[in-house]
Amino acid sequence: MNAVPDVPMERLPALLAAMPKAELHIHIEGSLEPELIFALAQRNGVALPYTDVEELRRAYAFTNLQSFLDIYYAGASVLLQPQDFYDMAWAYLQRAAADHVVRAEIFFDPQTHTARGVAMETVIDGLSRACRDARQLGVDAELILCFLRHLSEEEAFATLEQALPFRDRFIGVGLDSSELGHPPEKFTRVFDACRRHGLHLVAHAGEEGPPAYVWSALDVLKVERIDHGVQSTKDPALMKRLAQDGIPLTVCPLSNLKLCVFPQLEQHNLRELLDAGLVATVNSDDPAYFGGYMNANFLQTFAATGLDAHHAYRLARNSFEGSFAEPAARRRYVERLDAAFAAA
Ligand code: ADE
Ligand code: ZN
């Protein structure tokens with residue numbers, strides 16, 4: 066689209082909701098709603114340290130990334146059977162389709178499950194069946210396996226080994242969990258091996274951690290996208306590099322708010338990232354824990370920061386151009402985006 070039409074501010078929320086978009090940063094275990102946690106706990110006979118959904122929800126008062134991760138890993142303990150993983154992913158995919166997500170690249174954390182004795186096959190079987198069935202919903206869904214960075218390089222290698230028999234069911238690998246004290250270079254050799262297997266590479270960097278972690282994710286791990294990356298604005302040379310190389314940043318505004326990366330949404334630096342020419346995108350991260358799926362992230366961030374229709378178009382277009390979809394599919398997504406804006 067050559068010129069994005071001027072859209073009156075009162076029509077912007079409807080356009081944000083209806084425009085086609087890609088979600089590139091969603092941890093499927095972070096889509097597990099309290100109601101489903103309790104239903105799966107009952108189905109599997111797992112005891113939870115909370116009496117009901119309300120008590121669990123009240124525990125979602127986070128002060129930083131680690132305070133969230135402790136509860137997030139506990140919530141995942143109810144997942145045991147392939148059907149549990151299917152049900153979790155299917156619930157997310159239905160929510161995504163309702164938000165006009167047409168492509169989803171979904172993170173999963175196998176080590177959270179294999180450490181409890183759940184087989185890699187169980188995890189990947191349930192998740193990949195849901196992704197396949199998502200075509201009925203109009204969502205193209207793919208999986209990205211994340212290594213937990215608080216665990217060792219050796220454990221990451223063992224996880225890769227366990228996942229390779231299912232190589233055709235995930236498109237890439239990522240790096241998540243506790244960032245501070247676990248720099249990307251801890252996993253240099255694992256990412257080298259993943260690259261040799263033809264996997265796409267991404268990593269969380271610059272969520273709470275310093276710009277140095279973004280540099281090493283790029284230069285040492287050689288990732289194609291940076292997850293979060295919001296700390297990059299502290300380093301002008303890094304901003305220049307991200308802009309010049311067109312490295313997509315998968316930004317998660319409501320996550321940043323809930324984990325106190327920014328004190329208020331009004332202070333979020335999404336506009337600064339876009340103004341600097343970065344390929345920034347909007348994503349939900351862990352929507353069941355952070356109070357909103359894709360459209361809630363768009364609507365609340367635009368309301369708080371005063372972004373307009375030009376930014377909306379740029380963010381949706383970035384989400385397609387930053388995705389790992391085939392070029393022909395990316396072109397089709399952008400055509401649908403253009404049609405949505407032409408009709409606005
Ligand atoms: N795992 C799930 N959500 C995460 C986040 N926001 N940062 C790091 N690891 C995560
Ligand atoms: Zn994340």
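Residue 66 is where the sequence shown starts when you use the numbering used here, and the numbers rise one by one after that.
Glycine included, every Cβ here is placed at the ideal spot set by N, Cα and C.
What you are looking at is a predicted structure, and each value in this text was computed from that prediction instead of being measured.
Heavy atom of the ligand ADE within 6 Å of residue i beta-carbon
i: residue 242; result: yes
i: residue 269; result: yes
i: residue 294; result: no
i: residue 178; result: no
i: residue 262; result: no
i: residue 92; result: yes
i: residue 237; result: no
i: residue 311; result: no
i: residue 357; result: no
i: residue 274; result: no
i: residue 140; result: no
i: residue 95; result: yes
Cβ shell of residue i (< 7 Å), same chain only, five flanking positions each side left out
i: residue 276; result: 296, 297, 299, 300, 303
i: residue 399; result: 382, 385
i: residue 95; result: 137, 350, 351, 352, 353, 354
i: residue 199; result: 158, 206
i: residue 147; result: 187, 190, 191
i: residue 259; result: 225, 238, 266
i: residue 261; result: none
i: residue 414; result: Residue coverage of the chain in this structure runs from 66 to 409, which leaves residue 414 outside it and unanswerable.
i: residue 251; result: 214, 218
Residue i beta carbon near the ligand ZN (any heavy atom closer than 6 Å)
i: residue 257; result: no
i: residue 350; result: yes
Helix, strand or coil at residue i [DSSP, three-state]
i: residue 86; result: strand
i: residue 391; result: coil
i: residue 344; result: strand
i: residue 69; result: coil
i: residue 133; result: helix
i: residue 182; result: coil
i: residue 291; result: strand
i: residue 127; result: coil
i: residue 235; result: coil
8 Å CB neighbourhood of residue i in its chain, flanking five on each side removed
i: residue 346; result: 87, 89, 90, 313, 314, 315, 316, 380, 383, 384, 387
i: residue 80; result: 72, 374, 377, 405, 406, 409
i: residue 98; result: 156, 353
Contacts around residue i, its chain only, beta-carbon distance under 6 Å, and the 5 residues preceding and following it disregarded
i: residue 401; result: 85
i: residue 236; result: 207, 265, 389
Determine, using beta-carbon pairs with one atom in the segment 264-283 and one in the segment 233-253, whether at least three such pairs fall under 8 Å. yes
Is it a yes or a no for the segment 166-174 touching the segment 68-88, going by three-plus beta-carbon pairs under 8 Å? yes
Per the contact definition of three or more C-beta pairs closer than 8 Å, is the segment 114-131 in contact with the segment 367-377? no
Quick check: the segment 279-293 against the segment 315-330, are there 3 or more CB pairs under 8 Å? yes
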